[in-house]
Amino acid sequence: MKSNYLILLVIFLLISCKETSLKNIDKKEVIAKKVDSILSLMTLKEKIGQMNQYNGSWDVTGPPTDTTSINKVKHLEQGLVGAMLNVKGVKNVSAAQKIVVEKSRLGIPLIFGFDVIHGYKTISPIPLAEAASWDLKAIKRSAEVAAKEAAASGINWTFAPMVDISRDARWGRVMEGAGEDPFLGSKIAYARVKGFQGEDLSKENTIAACAKHFAGYGYPEAGKEYNTVSVGVSTLYNTILPPFKATVDADVKTFMNAFNELNGIPATGNKFLQRTVLKGDWNFKGFVVSDWGSIMELQHHGYAKDNKQAGEIAINAGVDMDMESYAYIDHLETLVKEGKVKESLINDAVRRILTVKYELGLFDNPYKYCDEKREQQIVNSKEINDAVLDMAKKSIVLLKNESINNKKLLPLKKQNQKIAIIGALANDDDSMLGNWRIGADNHTAVTVLEGLKKYKGNKITYEKGADVALGKTFFYYDTKINTTDKSGFSSAINSAKNADVVIMVLGEHGFQSGEGRSRTNLDIPGVQLDLLKQIYKVNKKIVLVLTNGRPLTINWSKEHIPAILDVWQLGTQAGNAIAQVLYGDYNPSGKLPMTFPRNVGQIPMYYSHKFTGRPTPLPDPAMVFWSKYTDVESSPLYPFGYGLSYTSFKYENLKLSTSKIKKEGEIKVSVAVTNTGNFDGEEVVQLYIQDIIGSLTRPVRELKGFEKIKLNVGETKTVSFTINADLLQFYTANNTWQVEAGDFNLWVGTDSNASLKATFKVVE
Ligand code: BGC
């Protein structure tokens with residue numbers, strides 16, 4: 038151990054002794070003092086080292102696996118690395134930590150980041166699926182157990198939640214967000230941060246969260262990955278930024294910027310976003326990490342002539358940590374010496390990074406997250422799997438359940454049924470893990486077939502019928518994707534002929550959505566739809582179990598198939614969750630967090646669109662000159678907020694405490710909801726508002742409240758909402774958040790087509 042490390046230790050001890058007398062002083066001030074004392078010991082080079090993050094894929098005995106000319110181990114020893122990513126497992130994390138703690142001059146511990154996006158080793162539903170639960174408690178719990186499992190494995194920082202609003206299902210990363218709506222997105226963003234970080238970040242089972250991708254990444258032109266983003270001020274403030282602001286309100290510790298440009302300025306080099314809005318207006322005190330190589334990519338954008346200038350632009354724009362661009366480690370020192378970057382900016386960045394390390398408790402114990410016994414006990418434990426199963430059940434959306442001969446197919450009867458299960462995805466233990474599962478072992482999901490086999494009363498047969506995609510991996514496209522092989526059709530058709538019910542599991546493979554997986558065609562891929570049509574010819578009693586990472590265009594299925602269950606990619610416990618829902622042991626309660634379009638040409642499609650000057654319909658719908666398509670209806674296939682239950686709900690008695698308020702006033706809204714069907718069930722009661730006239734045109738309606746309630750058969754509950762300035766304000770033509778006086782419409786109901794209506798007025 039070097040002598041300065043000892044000096045550092047003495048300083049810590051002195052400060053710690055003083056801590057009792059500082060009891061009344063804010064914990065934050067204590068940390069700030071500690072951070073300043075370390076900062077005063079650091080050379081410029083060491084400071085820059087803290088701003089440098091390397092990929093690990095760490096092997097205990099060997100160096101990191103990627104091939105660059107930089108000797109990363111040397112850099113660790115020299116204190117020139119502040120963070121690593123993709124180092125998995127306690128053994129490997131400890132090994133890397135040991136190098137910096139024991140060999141570097143100051144021994145400042147590393148922070149270990151990882152994409153814990155929907156679970157770590159035990160995989161939870163993809164985030165879009167979780168959003169479909171509209172269950173904030175369950176979503177928070179899901180993040181909490183993911184943090185616990187990752188922390189037990191040495192990780193202390195997740196690159197989640199992704200809070201990008203997106204209205205374009207062509208974009209593959211919609212699977213990773215909370216869908217199209219800023220209100221729902223903000224609530225979920227807040228819940229996820231609280232779940233990951235808990236109330237006390239220094240506990241061994243909580244980890245730092247990271248709001249990403251700041252900002253606009255979900256609005257790429259034509260839905261093409263990494264593509265140009267051009268949005269106006271109103272869309273930026275009213276739609277894109279609110280979920281990010283919600284994470285700041287939840288005290289998120291880090292932000293990640295984005296690959297895209299925003300109105301001509303790449304997000305990574307965007308001072309307005311990172312310094313003016315985030316660190317200025319929102320007073321964000323954590324640190325900003327670049328996206329992978331996004332500083333270096335400023336050159337590709339045509340915004341920097343070389344990596345050195347890219348580094349200069351990034352630090353000046355507010356990027357505190359460089360993930361894998363080598364711009365900071367290679368050039369920042371020179372840039373400071375040349376006077377192009379102020380050392381105060383470096384100090385500010387390092388202060389932010391060290392503060393998070395302190396808050397995580399890494400200075401007290403750099404190996405805090407490195408207990409192999411805990412790792413064994415927690416990773417893959419029953420506790421984590423139970424939480425993941427609970428989340429998976431709640432994420433399923435029942436899209437259709439119509440009667441055939443006066444009988445509904447779902448829930449399935451538990452006895453004496455011949456059930457034909459068809460589809461490659463029914464017997465796939467990998468696809469359901471979805472896209473972001475780098476911490477998991479492949480092929481570890483419970484298949485639908487396995488889940489259904491646990492119910493012993495029925496006779497089950499299985500036929501693959503057709504493949505969905507072959508040889509899928511995280512990094513590469515599969516050239517054989519969407520195979521045209523129909524050789525399995527005939528045995529599948531035979532198995533369906535005499536079945537009481539056919540369950541067809543069709544859709545996208547887990548690697549058909551996610552980063553780099555934009556699609557221009559949103560139909561069920563390959564020959565799966567053909568297979569469905571062939572089976573339908575011999576047996577109409579089909580339940581379509583649709584698995585997908587994004588809204589799909591399932592028009593034919595909606596028209597013909599009596600029962601459709603959207604199960605997304607549900608993670609490790611997928612098969613169990615799906616079986617429990619199919620058999621009615623859990624009554625589906627999910628609601629779509631994204632509109633399902635009728636065809637790709639309607640995209641971007643979202644419920645909170647504007648009226649236009651020629652809204653539908655003018656008095657004569659056959660007339661040409663109004664805002665519509667000539668070849669397809671303007672309405673979606675399934676609207677935002679839509680989802681059925683095995684039971685039914687009645688809404689009545691909508692009451693407002695007053696119909697006129699001042700701008701800062703409050704209205705209590707109440708509505709009675711009754712379970713009128715034959716099953717106990719849950720309903721997401723949704724509140725929408727329309728601000729009729731504005732200084733900027735306003736959406737036709739906007740979600741402003743929701744509550745998920747449980748109702749037993751026959752039970753009635755009164756659900757209340759409070760409308761206040763927080764809900765009524767928007768970013769107006771004056772470029773400020775304001776409530777504007779005027780008339781409002783309000784609706785309460787089961788989805789974004791809610792029709793139970795009231796009106797109120799806001800006065801000066
Ligand atoms: C993604 C980020 C992710 C990072 C590190 C990038 O390609 O855009 O969301 O956190 O890689 O894995």
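Under my numbering, residue 801 is the last one in the sequence shown; the count climbs by one each step, no gaps.
Note that CB positions come from ideal geometry on N, CA and C, so glycine has one too.
task: Pick out whichever of 380, 151, 216 and 167 has its Cα sitting closest to the Cα of residue 184.
output: Here residue 184 is taken as the residue at index 147 of the sequence shown, counted from 1. The residue with the shortest Cα to Cα distance from residue 184 is 151.
- Message: Here's a check: name, in chain order, each residue in its chain whose Cβ is nearer than 7 Å to the Cβ of residue 749, leaving out the five neighbours to either side.
- Response: Within the sequence shown, residue 749 is the residue found at index 712, counting from 1. Excluding positions up to five away in sequence, the list reads 712 and 717.
Check your understanding: If you compare alpha carbons, which of 323, 598, 160 and 266 is closest to residue 304?
Key -> Here residue 304 refers to the residue found at position 267 when the sequence shown is read from its first residue. Among 323, 598, 160 and 266, the Cα nearest to that of residue 304 is on 266.
| query | Any C-beta of chain C sitting closer than 8 Å to the C-beta of residue 589? | reply | The displayed structure is made up of one protein chain only, and chain C is not part of it.
Would you mind stating whether residue 497 and residue 189 have Cβ atoms separated by less than 8 Å? Numbered from 1 along the sequence shown, position 460 holds the residue referred to as residue 497. Numbered from 1 along the sequence shown, position 152 holds the residue referred to as residue 189. No, Cβ-Cβ distance for residue 497 and residue 189 is not below 8 Å.
Once you ignore the five residues that flank residue 467 on each side, which residues in its own chain have a CB closer than 6 Å to its CB?
-> Taking the first residue of the sequence shown as 1, we reach residue 467 at position 430. Correct list, in chain order: 479 and 480.
Report task. Taking residue 131 and residue 404 to be in contact with their CB atoms under 8 Å, please state how far apart those CB atoms are, rounded to whole angstroms. Result -> Position 94 of the sequence shown, counted from the first residue, corresponds to residue 131. Position 367 of the sequence shown, counted from the first residue, corresponds to residue 404. Going by Cβ atoms, the distance from residue 131 to residue 404 rounds to 6 Å, so yes, they are a contact pair.
_If you follow the beta strand (DSSP E) that residue 689 is in, where does it begin and where does it stop?_
Counted from its first residue, the sequence shown places residue 689 at position 652. That run of the beta strand (DSSP E) goes 686-693.
Kindly indicate which residue of 218, 297 and 221 has the alpha-carbon position closest to the one of residue 257.
Here residue 257 refers to the residue found at position 220 when the sequence shown is read from its first residue. Of the candidates 218, 297 and 221, the one whose C-alpha sits nearest the C-alpha of residue 257 is 297.
message: So residue 754 and residue 710 are supposed to be a Cβ contact under 8 Å. How far apart are they, rounded?
response: Within the sequence shown, residue 754 is the residue found at index 717, counting from 1. Within the sequence shown, residue 710 is the residue found at index 673, counting from 1. Right, their Cβ atoms sit about 6 Å apart.
- Just tell me which of 225, 437, 440 and 449 has its CA closest to the CA of residue 177. Residue 177 sits at position 140 when you count from the first residue of the sequence shown. Closest option to residue 177, Cα to Cα, is 225.
_Would residue 138 and residue 116 qualify as a contact pair, given that the criterion is a beta-carbon distance under 8 Å?_
Your numbering for residue 138 matches position 101 in the sequence shown. Your numbering for residue 116 matches position 79 in the sequence shown. For residue 138 and residue 116, no; Cβs fall outside 8 Å.
Residue 727 to residue 202, Cα distance in whole Å? Translated into the one-based positions of the sequence shown, residue 727 becomes position 690. Translated into the one-based positions of the sequence shown, residue 202 becomes position 165. Looking at the two C-alpha atoms, the distance is approximately 20 Å.
**Prompt:** So residue 799 packs on residue 765, CB below 8 Å; how close in whole Å?
**Reply:** Stepping through the sequence shown from its first residue, residue 799 is reached at position 762. Stepping through the sequence shown from its first residue, residue 765 is reached at position 728. Going by Cβ atoms, the distance from residue 799 to residue 765 rounds to 6 Å, so yes, they are a contact pair.
*Backbone CA spacing between residue 792 and residue 734 [nearest angstrom]*: Here residue 792 refers to the residue found at position 755 when the sequence shown is read from its first residue. Here residue 734 refers to the residue found at position 697 when the sequence shown is read from its first residue. Between residue 792 and residue 734, the C-alpha separation is close to 22 Å.
Original post:
For ligand 1, any of its heavy atoms closer than 7 Å to the Cβ of residue 122?
Top reply: Along the sequence shown, one-based indexing puts residue 122 at 85. Indeed, a heavy atom of ligand 1 lies less than 7 Å from the Cβ.
Runs of 3 residues minimum, wholly inside the segment 317-370: which ones carry the beta strand (DSSP E) assignment? Those beta strand (DSSP E) runs which fall completely within the segment 317-370 and span 3+ residues are 324-326.
Next on the checklist: For residue 677, count the other beta carbons within 10 Å of its own beta carbon; 16 or more makes it buried, fewer makes it exposed. Which is it?
Outcome noted: As a working note, residue 677 is residue 640 in the sequence shown. Buried, since its Cβ has 16 or more Cβ neighbours within 10 Å.
Are the CB atoms of residue 118 and residue 86 nearer to each other than 8 Å?
Mapped onto the sequence shown, residue 118 falls at position 81. Mapped onto the sequence shown, residue 86 falls at position 49. The answer is yes: Cβ separation under 8 Å.
Taking the alpha-carbon positions, what's the residue 402 to residue 229 distance?
In the sequence shown, residue 402 corresponds to position 365, counting from 1. In the sequence shown, residue 229 corresponds to position 192, counting from 1. Their Cα atoms are separated by approximately 26 Å.
Applying the 10 Å Cβ sphere with the 16-neighbour rule, what's the burial state of residue 662? In the sequence shown, residue 662 corresponds to position 625, counting from 1. Exposed.
Reduced DSSP secondary structure (H/G/I, E/B, other) of residue 787:
As a position in the sequence shown, residue 787 is number 750, starting the count at 1. Residue 787 falls in the coil class under three-state DSSP.
### Query
Hey, is residue 196 close to ligand 1, as in C-beta under 7 Å from one of its heavy atoms?
Sequence index remark: in the sequence shown, residue 196 carries index 159 (1-based). Yes, since a heavy atom of ligand 1 falls inside the 7 Å radius drawn around the Cβ of residue 196.
(message) Please classify residue 743 as buried or exposed, where buried requires at least 16 neighbouring CB atoms within 10 angstroms.
(response) Working through the sequence shown from its first residue, we reach residue 743 at position 706. Residue 743 is buried by the Cβ-count criterion.
Self-check item: Alpha-carbon spacing of residue 259 relative to residue 253, whole angstroms
Solution: Counting from one through the sequence shown, the residue named residue 259 turns up at place 222. Counting from one through the sequence shown, the residue named residue 253 turns up at place 216. Cα-Cα distance, rounded: 14 Å.
If we count Cβ pairs, one from each stretch, closer than 8 Å, do we get three or more for the segment 606-616 versus the segment 644-658?
-> no
- Contiguous beta strand (DSSP E) assignments of at least 3 residues, all confined to the segment 434-503: 434-438, 455-459 and 496-500
Exercise for review: Label residue 502 either buried or exposed according to how many other C-beta atoms from any shown protein chain fall within 10 Å of its C-beta, with 16 as the threshold for buried.
Suggested key: For the purposes of this step, residue 502 is taken as residue 465 along the sequence shown, with counting starting at 1. Burial call: buried.
Residue 597 by DSSP, collapsed to three states: which one? Start at 1 with the first residue of the sequence shown, and residue 597 comes out as number 560. Residue 597: helix per DSSP, three-state reduction.
Q: Round the Cβ separation of residue 777 and residue 787 to the nearest angstrom and send it over; I've been treating them as touching at under 8 Å.
A: By 1-based counting over the sequence shown, the position of residue 777 is 740. By 1-based counting over the sequence shown, the position of residue 787 is 750. That belief does not hold up - the Cβ atoms of residue 777 and residue 787 are roughly 29 Å apart, past 8 Å.
Delimiting residues of the beta strand (DSSP E) encompassing residue 250 | One-based indexing of the sequence shown puts residue 250 at position 213. The continuous beta strand (DSSP E) containing residue 250 extends over residues 247-251.
**Message:** Which residues does DSSP list as the beta-bridge partners of residue 722?
**Reply:** Your numbering for residue 722 matches position 685 in the sequence shown. Answer is 744.
_Burial state of residue 801, where buried means 16 or more other Cβ atoms lie within 10 Å_ = Here residue 801 corresponds to residue number 764 of the sequence shown, with the count starting at 1. Answer is exposed; the Cβ neighbour count stays below 16.
**Message:** ligand 1 and residue 262: does any heavy atom of the ligand fall closer than 7 Å to the residue's C-beta?
**Reply:** Here the question's residue 262 lines up with position 225 in the sequence shown. No, ligand 1 has no heavy atom inside 7 Å of this Cβ.
Quiz item: Using CA coordinates, which residue listed in 459, 341 and 171 is at the minimum distance from residue 745?
Solution: Indexing the sequence shown from 1 puts residue 745 at position 708. Among 459, 341 and 171, the Cα nearest to that of residue 745 belongs to 171.
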